[in-house]
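Worksheet: one structure, shown below.
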Amino acid sequence: MNEVEQKILQILASRPESEISTSDLVKQIFSQKYEEIKKYLYNSQKDQELIKHGKRNNARLHRQLLYHLNNLAKEDFIRVTRSEGKGEKYFVLNGDKQIKTDKEEKTKRLLESFSTIKTEASFLSGLEQYETEKIVKKFDSQNWLTKLNSYIIESPAQQDTKKIYELLTNLYPTYNDVIALNDFQTIIDKEDLELLTNFLKKIDIDTKDYDKYLNLIIDLTQVKNPIKLTDFLSSYANLEPLNILIIFQTNSKTLANQTRLATQIIKNFSEHKLRINIQNKDIHKAPYLLGRAGAYTFNDDDWTQYQENIKNKTIGICCSNTSIYIDVYKFFKEKHTYSEFRELLLKSARASLLATSMQRRKSDILFKTINNLNGHHTSKFFLISYNYIRLWNYGSNFIDLTNLQDENQKFERFRNLLESTMTELNEFCKAEETIFKSCGIPIRYKVVLSSAFERFDKEFMSPRTYKKISIKSLDDFYTETIINQIRQREDLARIFNGGDRVRFFRDKTFTSEEIISEFNFLLNTFNLQLFSYDFESLKGELTLNSFL
Amino acid sequence: MELINDDVMALWKNALTLVIKQGEEFKDNDGRICLEENNLVLTLTESTPKISEPIERMIERKKWIYPSKDELSNIMFKEYQAPTYDYTYGRRIFSFGDTLDQINSFIIPLLKEDSSSRRAVIVLYDPIEDSNITNKNSPGIIYIQFRIKQNKLCLNCHIRSNDLFFGWPANIYQIYTLQKFIAEKLKIERGNISTISNSAHVFKDDLEEINKIIG
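Chains as they are written, first to last, in my numbering: chain A, 796 to 1343; chain B, 16 to 230.
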């Protein structure tokens, strides 16, 4: 679905009781362009030429929006309630239709996936001031009380892609960021390539329509048929799906034995400028998920608990209930202090606790589909879930009130701040678990720290201030700058208990052997749980020779 | 050891002081160090206790989110259990094993029939569900016994593991609401409430806050 059309649906879903005019929608959807137009329409000189120019541009925006509104009306997503004046139309969501066809069924689900539960009362989270200052944002704030943030589905428990597709179709309205299909290599091993490709094509469309992410977790240490996997990955790369991400679980030993497979992955993914996400299983056993908000994972102890006591009783396991992001750069730019920062993290934790307990109380309505799938084990599905506090622009360039000049000292100071805050957060979580448990409601409540992805909300977040890690060759990994950058991330990973991803931007041309050597080096030398190779900065066409 | 008082705040403070002074150090399975007193009996003799005062003190602290009185009472009386919870007290009391309403089907008729009965016991621990080595979530309150003495409804509550700082204020209020409900049904007055905590403990991490309460 087109991005503008998605935004229209989200706005209408947020106010399901009221009709919204084309003008109001223009102001909300093209807010930046409209602000520009206003400068012409209401210019201080009242210059008629400028006003005319503004009106022309405004009309252009209206026409552009009407095109999308008409598309949605044709598809029965929305309907016109009335027209007024010079063609000003009013729209509402088409929520009253009787569901008859598959298409309408999909329409309903799509709308549900954007809608909040109306009966859910809002609450004061204590973050309001920071939200106004655009320092804090809840991920999918309209639905954060009513949808899970991320979870894992076990692929081996599903018969085939047809079953998985049916399952996913029912689950889109239950989450707001990402679902991961764990051990997806088991499905690739047993299913026909054509069916796999069709499955990819269908979920590519659906994930775009629903504006949600899906991960395929492929454990390379468990692959039985590497040729089939290569073919599948080639289909995936050709499709270039926007919201389907693959995470490869491996280790250096496996990589050394799968050079042919690795070569093909590098060739296919780099040609299509797709990121290669590699999880080092020697460092971290629990799977990783990559969504819009950021990376997700489980603590290895929690994951072991899941594998020993829960796996096969449920469809999978919930990873997170909520994500809140904090723009560290903006926070310190506004002259906030370290103690205020600590306070903000605790306030964020309190807000997510309230959200989680609200979700749990209404779980019979909100997660009916999941509960039905899990049967009487459904409480176990939520047993090890987390609440994420994600930091953005937290690098060594953050504004430091102590005016430290040395980057390492700055980093050290910030790391210490995070570490001590994390201790406080853990104490808070333990206390809350004890309180609830003592009162007769045993709930899991754990806040974890991680980083935020830029795609969390590009418009909201401050421009990236930290340095990208660009690699031209293996030699770069021996330079002091790169080693320092990676060591800092390793250091932070100890505090980022919700996981972290380190992204490398790969420059220039290369051979697959070179990339494999770099992967090997990273797997063997550093304690990075997950790293991504990004080929976006590649220039020019790559020829097959580059990989041979 | 038994502490008896007619003032709930004084009883709570005395219990906290006792455990801090005399408690043995003990490391729980999360690695946290607690001070523990075994088999501590706390008896509240007050006839109209300011029973919610400890909860109000906890809510006042604002450092934590402590459930309100309404929430605590709901937990005790709500038979419905949201599917994401392993158990709730309300479900165990009013719909044990999805079938038995222990209060309305047993306690009230029994005590109406035989006011001297010592069989008026409700059980919150369900061995079928809870006696599982890997299960870390089993109820703290194991059983509650009701007895009529001198025409007053007395209550004894056995708590296997009791965080005196965070848990006891909620527990004493919750069992009080249950006692009040049954006493009204039986049209008699309320009598003493005793909690028998097998492991009455506080965590060393919380000592600073506990001392603020003790004063």
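Positions of the beta carbon are idealized from the N, C-alpha and C atoms, including for glycine.
Within the region 1231-1265 of chain A, contact with chain B at the beta-carbon level (separation under 8 Å) is assigned to Phe1231, Lys1232, Ser1233, Cys1234, Gly1235, Ile1236, Pro1237 and Ile1238.
Glu1202(A) and Ser1327(A) have their C-alpha atoms some 25 Å from each other. Within the DSSP bridge table, the entry for Lys932(A) names Tyr1120(A) as partners. In the three-state reduction of the DSSP assignment, Gly849(A) falls in the helix class, which pools H, G and I. According to DSSP, Glu1135(A) shares a beta bridge with no other residue. When 9 Å is used as the limit between beta carbons, Tyr104(B) is near these residues of chain A: Cys1234, Gly1235 and Ile1236, in chain order. C-alpha of Ser1215(A) to C-alpha of Leu990(A): approximately 51 Å in a straight line. Excluding five sequence positions before and after Asp129(B), none of the CB atoms of its chain fall closer than 6 Å to its own CB. As computed with DSSP, Phe1300(A) is found in a beta bridge with Ser1265(A) and Asp1329(A). At a cut-off of 7 Å between C-beta atoms, Thr99(B) counts as an interface residue with respect to chain A.
The criterion of a C-beta distance shorter than 7 Å is satisfied by Lys1080(A) and Asp1095(A). Shown here for Val136(B): same chain residues with a beta carbon closer than 6 Å to its own, the five before and five after excluded, namely Tyr158 and Gln160 in chain order. Beta-carbon to beta-carbon, Arg205(B) and Lys219(B) are separated by about 36 Å, too far to satisfy the 8 Å threshold.
Taking 9 Å as the cut-off between beta carbons, the residues of the region 74-94 of chain B near chain A are Lys78, Trp79, Ile80, Tyr81, Pro82, Glu86, Leu87, Ile90 and Met91, in sequence order. Contact annotation: Thr1109(A) and Lys1175(A) have beta-carbon atoms nearer than 7 Å. CA-to-CA, the gap between Asp141(B) and Gln823(A) works out to about 55 Å. Going by DSSP, Asn1075(A) is part of the beta strand (DSSP E) stretching over Ile1071 to Asn1075. Look at the region 1204-1275 of chain A and you find these whole runs of beta strand (DSSP E), each 3 residues long or longer: 1242-1246 and 1264-1266. A Cβ-Cβ distance of about 37 Å is found for the pair Asn1033(A) and Asp1122(A), leaving them out of contact under the 8 Å criterion. Annotation: Asp101(B) to Lys151(B) spans about 10 Å, alpha carbon to alpha carbon. DSSP places Gln1044(A) in the uninterrupted beta strand (DSSP E) bounded by Ile1039 to Thr1045. CA-CA distance, Asn1292(A) to Tyr1124(A), rounds to 21 Å. Just so you know, the alpha carbons of Asn1020(A) and Tyr1120(A) end up roughly 41 Å apart. His1079(A) sits in coil when the DSSP states are folded into three classes, being neither helix nor strand.
The Cβ of Asn44(B) sits no closer than 7 Å to any Cβ of chain A.
Taking one beta carbon from each stretch, the region 162-178 of chain B and the region 109-120 of chain B have fewer than 3 pairs nearer than 8 Å; the two do not touch. Counted as a single uninterrupted DSSP element, the alpha helix (DSSP H) harbouring Ile90(B) occupies residues Lys84 to Phe92.
With contacts defined by Cβ atoms closer than 7 Å, Tyr946(A) and Ile974(A) form a contacting pair. Contacts with chain B at 7 Å (Cβ-Cβ) include Ser1158(A).
When only Cα atoms are considered, Ile803(A) and Gly1089(A) end up about 25 Å apart. Using beta-carbon distances, Arg1145(A) counts as an interface residue toward chain B, with a partner under 7 Å. In the pairwise beta carbon analysis, the region 1033-1053 of chain A is classified as touching the region 1007-1018 of chain A: at least three pairs are separated by under 8 Å. At a cut-off of 7 Å between C-beta atoms, Gly112(B) does not count as an interface residue with respect to chain A. With distances taken between CA atoms, Leu179(B) lies nearest to Leu26(B) out of Leu26(B), Ile19(B), Asp22(B) and Asp21(B). Rounded to whole angstroms, Ile1236(A) and Tyr960(A) show a C-alpha spacing of 35 Å. Against chain B, the beta carbon of Asn1166(A) has neighbours under 9 Å at Pro98 and Thr99, listed in chain order.
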